[in-house]
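2 protein chains.
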Amino acid sequence: MKEKTADHPVKVLLYEDNRDLREGIAFLLQATPGLVLAGAYPHVNNLKTELHAHMPDVVLLDINMPGMSGLEALPIIKSLYPRTQVIMQTVFDDDERIFQAVRSGASGYLLKNTPPAEIVQAVFDVYNGGSPMTSSVARKVLQYFQQPPKSHPAEHLLSAREQDILKGLMKGYSYKLIAGELNISIDTVRTHIRNVYDKLQVNSKTEAILKAMKEGWIED
Amino acid sequence: MKEKTADHPVKVLLYEDNRDLREGIAFLLQATPGLVLAGAYPHVNNLKTELHAHMPDVVLLDINMPGMSGLEALPIIKSLYPRTQVIMQTVFDDDERIFQAVRSGASGYLLKNTPPAEIVQAVFDVYNGGSPMTSSVARKVLQYFQQPPKSHPAEHLLSAREQDILKGLMKGYSYKLIAGELNISIDTVRTHIRNVYDKLQVNSKTEAILKAMKEGWIED
DNA sequence: GCTGCCATCGCATAAATGTGTGAAAATCAA
DNA sequence: TTGATTTTCACACATTTATGCGATGGCAGC
Numbered sequence: 000m001k002e003k004t005a006d007h008p009v010k011v012l013l014y015e016d017n018r019d020l021r022e023g024i025a026f027l028l029q030a031t032p033g034l035v036l037a038g039a040y041p042h043v044n045n046l047k048t049e050l051h052a053h054m055p056d057v058v059l060l061d062i063n064m065p066g067m068s069g070l071e072a073l074p075i076i077k078s079l080y081p082r083t084q085v086i087m088q089t090v091f092d093d094d095e096r097i098f099q100a101v102r103s104g105a106s107g108y109l110l111k112n113t114p115p116a117e118i119v120q121a122v123f124d125v126y127n128g129g130s131p132m133t134s135s136v137a138r139k140v141l142q143y144f145q146q147p148p149k150s151h152p153a154e155h156l157l158s159a160r161e162q163d164i165l166k167g168l169m170k171g172y173s174y175k176l177i178a179g180e181l182n183i184s185i186d187t188v189r190t191h192i193r194n195v196y197d198k199l200q201v202n203s204k205t206e207a208i209l210k211a212m213k214e215g216w217i218e219d
Numbered sequence: 000m001k002e003k004t005a006d007h008p009v010k011v012l013l014y015e016d017n018r019d020l021r022e023g024i025a026f027l028l029q030a031t032p033g034l035v036l037a038g039a040y041p042h043v044n045n046l047k048t049e050l051h052a053h054m055p056d057v058v059l060l061d062i063n064m065p066g067m068s069g070l071e072a073l074p075i076i077k078s079l080y081p082r083t084q085v086i087m088q089t090v091f092d093d094d095e096r097i098f099q100a101v102r103s104g105a106s107g108y109l110l111k112n113t114p115p116a117e118i119v120q121a122v123f124d125v126y127n128g129g130s131p132m133t134s135s136v137a138r139k140v141l142q143y144f145q146q147p148p149k150s151h152p153a154e155h156l157l158s159a160r161e162q163d164i165l166k167g168l169m170k171g172y173s174y175k176l177i178a179g180e181l182n183i184s185i186d187t188v189r190t191h192i193r194n195v196y197d198k199l200q201v202n203s204k205t206e207a208i209l210k211a212m213k214e215g216w217i218e219d
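Given below as structure tokens:
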């Protein structure tokens with residue numbers, strides 16, 4: 000990880016409706032060598048204008064603001080300036096906000112209890128390609144990846160052979176192909192598929208595949 | 000976020016093959032109030048025994064160790080003691096390792112350049128439900144979410160009506176149902192589907208659906 | 001006006017699929 | 001050993017799909 004703080008000062012734009020907090024952070028950013036505070040505003044209603052005027056490297060964006068919320072502002076920023084790094088700040092760490100922010104391209108996510116010094120560090124972090132996150136937020140993000148302890152209702156429902164056949168279907172194979180692949184007769188394939196349909200409560204290839212996918216069956 | 004450090008001391012198990020590093024971290028963990036170092040080992044070859052003996056709350060796990068690697072040890076730990084929190088440590092931050100670790104249930108991921116004080120902090124973090132991550136690692140995780148700026152090649156390929164029909168197929172409908180749904184004749188549905196197949200270069204319902212999904216067609 | 005594309009419909013035929021009924025061999029737990 | 005399950009196969013028949021070869025009308029662009 001190469002530090003690029005010496006390159007040119009990092010331009011920061013701050014959106015935070017709480018006046019004390021805004022001025023506090025603003026002061027700190029101001030006072031930090033290598034950072035330049037391009038602006039500090041209590042709302043994002045003039046977002047586009049300010050973006051075009053300042054061309055910030057990093058935006059510190061509060062989620063809860065009067066008028067347009069930070070979550071609404073985020074996609075606008077990222078669509079206009081994809082390379083601008085955005086750090087979200089909020090008091091709440093509910094899943095909904097986090098994932099909406101992450102999907103919209105947020106590069107960092109800090110809770111409001113983050114000490115000011117770490118906020119400054121976070122600015123450098125995102126600028127250098129990192130993603131500073133409050134650890135409780137990080138946990139929620141990770142949990143999305145954790146192999147959802149797959150509740151495979153089908154696991155015990157379908158026999159090994161039936162699973163083979165189903166996998167064949169999910170690859171788009173015809174009965175004939177599956178039969179060839181597994182070296183069994185077409186009629187056998189029929190039988191298995193019939194049983195699979197019974198167990199999955201469906202009555203067509205399509206339904207079986209869709210159900211199998213929704214049920215979290217493929218690894219793809 | 001409730002701190003639970005006063006509850007009972009957090010039992011930590013440390014796996015790290017580098018002796019200096021191991022002893023350094025071990026000393027620090029020892030000396031930290033609220034933490035108890037249950038053991039510090041240079042390899043995971045006796046993993047199960049040590050786990051059963053110490054029942055740790057948190058495991059600090061180096062990835063690169065002689066014999067069994069940390070990545071191999073992780074799923075074993077999580078399957079035996081799902082509630083034990085594991086922090087991975089490594090010098091490398093390549094995507095492969097990170098995602099394998101995350102999928103296997105790692106709760107934290109620190110690079111080796113992490114200052115010792117932060118390692119201690121990380122132990123408390125995971126114990127309290129957080130997921131301390133080096134910010135460069137966090138970035139890679141986030142990027143996985145931001146992935147799908149899906150290119151819809153079919154968007155312009157298929158006409159509006161053809162897309163309607165395809166959506167019908169993807170809901171598992173039969174021709175008859177689609178015809179009813181859209182108030183057109185079955186033969187019309189046939190024609191559209193024929194054209195869709197031509198354009199998607201497939202020749203069965205199943206293939207069309209699978210292709211449509213892979214192409215990022217569904218929102219599900 | 002002509003041309004290309006789209007949406008609509010019809011008919012015909014071959015192939016694939018869904019479903020009913022049966023049954024033999026292999027495997028496995030009680 | 002006995003019984004339950006699994007895996008294998010067969011034949012039959014209805015339905016659904018896939019595909020070929022049409023046709024009509026609408027609408028946009030040149």
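Chains as they are written, first to last, in numbering that gives the first Met the number 0: chain A, 0 to 219; chain B, 0 to 219.
Glycine is no exception: its CB is placed at the ideal position from the N, C-alpha and C atoms.
Here the alpha carbon of ILE62(B) sits roughly 46 Å from the alpha carbon of ASP197(A). The beta carbon of MET132(B) sits closer than 8 Å to some beta carbon of chain A. In summary, PRO55(B) is buried, with 16 or more beta-carbon neighbours lying within 10 Å of its beta-carbon over all protein chains present. Beta-bridge pairing by DSSP links ASP61(B) to GLN88(B).
A straight line joining the alpha-carbon of ILE192(B) with that of GLY171(B) spans about 14 Å.
The beta-carbon of GLY104(A) is placed less than 8 Å from the nearest beta-carbon of chain B.
The beta carbons of HIS51(B) and LYS10(B) sit about 13 Å from each other, so the pair does not count as a contact at 8 Å.
Proximity of chain B to GLN29(A) at the Cβ level (cut-off 9 Å) is not reached, the minimal Cβ distance being about 23 Å. In its chain, beyond the 5 residues on either side, ILE177, VAL188, HIS191, ILE192, VAL195 have a beta carbon closer than 7 Å to the beta carbon of ILE164(A). DSSP places ALA105(B) in the coil class of the three-state scheme, outside both helix and strand. The residue among GLN99(B), GLU214(B), SER134(B), VAL140(B) with its C-alpha nearest the C-alpha of SER68(B) is GLN99(B). Under the Cβ criterion of 8 Å, LYS204(A) is counted among the residues facing chain B. Under the DSSP assignment, LYS10(B) falls in the beta strand (DSSP E) whose first and last residues are 9-14.
Assigned with DSSP and collapsed to three states, MET212(B) falls in helix. With respect to the 8 Å criterion, VAL125(A) and ILE75(A) are not classified as neighbours on the basis of their beta carbons.
By the Cβ test, the stretch 78-95 of chain A is not in contact with the stretch 25-42 of chain A, since fewer than three Cβ pairs between them sit closer than 8 Å. ASP94(A) does not reach chain B, its nearest Cβ partner there being about 13 Å away, counting only Cβ pairs nearer than 8 Å. Between LEU110(A) and LEU59(A), the C-beta spacing is not below 8 Å. Here LEU209(A) is not near VAL119(A), since their CB atoms are 8 Å or more apart. Residue contact with chain B for GLY171(A): present (Cβ-Cβ distance below 8 Å to some residue of chain B).
Against chain A, the CB of ALA178(B) has no partner CB under 8 Å away; the residue lies outside that interface. Residues of chain B whose Cβ lies closer than 8 Å to the Cβ of PHE91(A) do not exist, since the nearest Cβ in that chain is about 12 Å away.
Scanning chain B for C-beta atoms nearer than 9 Å to the C-beta of PHE144(A) yields PHE98, VAL101, ARG102, VAL140, TYR143, reported in chain order.
If you draw a straight line from the Cα of PRO115(B) to the Cα of ILE24(B), it is about 7 Å long. In the DSSP assignment, TYR40(B) forms a beta bridge with TYR14(B). In this structure GLY66(B) is exposed. Its beta-carbon is surrounded by fewer than 16 other beta-carbon atoms within 10 angstroms.
Between GLY128(A) and ARG138(B) the beta-carbon gap is near 6 Å, inside 8 Å, which marks them as a contact.
Beta-bridge annotation (DSSP): LEU34(A) is paired with VAL9(A). Proximity of GLY33(A) to chain B, defined by a Cβ-Cβ separation below 8 Å, is not satisfied. Of all residues in the stretch 48-63 of chain B, none is placed with a Cβ closer than 9 Å to any Cβ belonging to chain A. Within chain A, no residue has its beta carbon less than 8 Å from that of SER78(B); the closest one is some 10 Å off. Under the three-state reduction of DSSP, LEU157(B) is assigned to coil, being neither helix nor strand.
Burial state of SER130(A) is buried, judged by a 10 Å Cβ sphere holding 16 or more other Cβ atoms.
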